[in-house]
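Residue numbers (the working numbering): 100 to 572.
These notes are about the structure you will find just below.
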């Protein structure tokens, strides 16, 4: 992205020519990374951006091609959440983040593939089939923002937007060898993001480098009165020069390196930690005793919120309708039975059960209480460190057909990413090595709330001294 902006200003290539090249690649895409492509709109904006740059516009976002996850509303462009129940749905408004990007001249290429309603870690639950990892077409790009990650890694766009409810930006970023940020909850408006779990969802930027992600993040963050969870605050800008690592305290929890972490991931993450140490950071031990309950807490709270949010899909107001000739209740049942896939149904049933009379206290209330304890663990940990580091995912990307019949194993892959969503803190995944199978590995950096610029700065400094993010599939 930053390189593209510089090329534009050198007159080495116009936005129109750049977008034409990307659209040509997308037409030949075998990764199944896009659901919808807006060629006409992208080319129209590219021409406008080209003229703006000729007239001296220095905005780094101007003319930059952006891919958008298919659960972020785009006016006049189909937004389906990769689900049959929203097949053909075209929003009449833009999400807040899209408004901000358009106002600065970004080129919206189209909508990227995802797990249906962002429920999954592989894109296998998409109604158009899974996306593929550009590093190995037989392996998953991760999820649920797998299409966005694959598109960035394959050079089909400069940057992309994803959403992160339990790791859906960071996990595919790790699997595809790119950089992805889950911002502090409340720094980026959720207006126009199709809701999965409202207390956990956050839109996040994805790019090849931490600098690109920082530029995109600064473009989309900020207060929006239409989102009641958006925090009115003057957010610190990210320095594109990185930060001085001397004296920075990086916490390393022993629990992140317990049983279940693959050898090659641990090796790469520990190497990355050694790079930070060589740059002047102090590595300190920290304790997160209740993080082991994170997955269990998440898979009660997230499905509970999903069961409430997805109740709006009834075949009446918008989206697909089945059973038109039947009574209202039967139409509801048939629409949802045919419109949702098995994973979405599974989570709706889990959530509805957890919220039902007689079980609310035993499940949802208890999970909410443990969530508070996890928040307290992180608060105490950050008293002795500035950043917490660890693996993004315990394994490298696996085969498209692996673990399809074992959802619990897939849920457990979120063990390192879920805590940032439960606590609302920012988390960044950056490439830090390659596994024994040649697939990328990411290290995750977490910081206290509203310290997004610190982990982005640390990521930029790390990438200035390593080349992992420059390696392409």
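Backbone N, C-alpha and C fix where the C-beta goes; we use that ideal spot for every residue, glycine too.
Legend entry - Spatial neighbours of residue 384 in its chain, beta-carbon cut-off 8 Å, leaving aside the 5 residues before and after: 350, 351, 352, 353
Inset, instruction - Within 10 angstroms of the Cβ of residue 564, are there 16 or more other Cβ atoms? Answer buried if so, exposed if not. - result: exposed
Inset, instruction - Give me whichever residues DSSP pairs with residue 344 in a beta bridge. - result: Beta-bridge pairing links residue 344 to no other residue.
Legend entry - Inter-stretch contact (C-beta, 8 Å, three-pair minimum) for the region 287-297 and the region 402-418: yes
Legend entry - residue 292 classed as buried or exposed, judged by whether at least 16 other C-beta atoms fall within 10 angstroms: buried
Inset, instruction - Please report the residue range of the alpha helix (DSSP H) in which residue 120 lies. - result: 114-126
Legend entry - For residue 153, the residue or residues it bridges with in DSSP: Paired residue(s): none; residue 153 is not in a bridge.
Legend entry - residue 136 beta carbon less than 8 Å from that of residue 181: no
Inset, instruction - Determine contact between the region 470-479 and the region 513-521, defined as no fewer than three beta-carbon pairs at a distance below 8 Å. - result: yes
Legend entry - C-beta atoms of residue 514 and residue 364 nearer than 8 Å: no
Legend entry - Own chain residues within Cβ distance below 7 Å of residue 573, not counting five before or after: Absent from the model: residue 573. The displayed extent of the chain is 100 to 572, so no value can be given.
Inset, instruction - Report the option in 108, 287, 530, 226 whose CA atom is closest to the CA atom of residue 368. - result: 530
Legend entry - Assumed close pair residue 242, residue 271 - CB separation to whole angstroms, cut-off 8 Å: 6 Å
Inset, instruction - Mind listing, in chain order, the continuous alpha helix (DSSP H) runs of no fewer than 4 residues lying wholly within the region 433-459? - result: 441-454
Inset, instruction - Go to residue 172, then tell me how far its beta strand (DSSP E) extends in each direction, as first and last residue. - result: Run containing residue 172: none; DSSP gives neither H nor E here.
Legend entry - Contact under 8 Å by Cβ, residue 445 with residue 412: no
Inset, instruction - Specify the secondary structure class of residue 329 as computed by DSSP and reduced to three states. - result: coil
Inset, instruction - Please list, in chain order, all residues of the same chain as residue 90 whose beta carbon is under 8 Å from its beta carbon, the five residues on each side excluded. - result: As displayed, the chain neither begins before 100 nor continues past 572, which places residue 90 out of reach and without an answer.
Inset, instruction - State whether the region 455-471 contacts the region 229-245, with contact taken as three or more CB pairs (one from each stretch) at a distance under 8 Å. - result: no
Legend entry - Selected residue, minimal CA-CA separation from residue 193, among 176, 203, 187, 208: 176
Inset, instruction - Would you kindly work out how many angstroms separate the C-alpha atoms of residue 400 and residue 179, rounded to a whole number? - result: 24 Å
Inset, instruction - Following the continuous alpha helix (DSSP H) through residue 410, name the residue where it begins and the one where it ends. - result: Unbroken run through residue 410: none, as it is neither H nor E.
Inset, instruction - Just the C-alpha distance for residue 163 and residue 568, rounded to the nearest angstrom, thanks. - result: 19 Å
Inset, instruction - Find the nearest neighbour of residue 388 within the set 355, 216, 403, judged by alpha-carbon distance. - result: 355
Inset, instruction - List the DSSP bridge partners of residue 281. - result: 526
Legend entry - Secondary structure of residue 311, DSSP reduced to three states: helix
Inset, instruction - Name the two residues that bound the continuous alpha helix (DSSP H) containing residue 503. - result: Element bounds for residue 503: n/a, residue is neither H nor E.
Inset, instruction - Starting from the Cα of residue 230, find the closest Cα among 547, 498, 536, 525 and give me that residue. - result: 498
Inset, instruction - Please state whether DSSP places residue 430 in a helix, a strand or coil. - result: helix
Legend entry - Stretch pair the region 329-347 + the region 298-307: three plus CB contacts closer than 8 Å: no
Inset, instruction - Could you work out which residue in 440, 415, 286, 326 is closest to residue 332 when comparing CA atoms only? - result: 286
Inset, instruction - Please classify residue 458: is it buried, with 16 or more other beta-carbons within 10 angstroms of its beta-carbon, or exposed? - result: exposed
Legend entry - Boundaries of the beta strand (DSSP E) in which residue 135 is found, first to last residue: 133-136
Inset, instruction - Check whether the region 206-219 touches the region 246-263, taking contact to mean three or more Cβ pairs, one atom from each stretch, closer than 8 Å. - result: yes
Legend entry - residue 477 (DSSP reduced to helix, strand or coil): helix
Inset, instruction - Name, in chain order, the residues that DSSP records as bridge partners for residue 533. - result: 539
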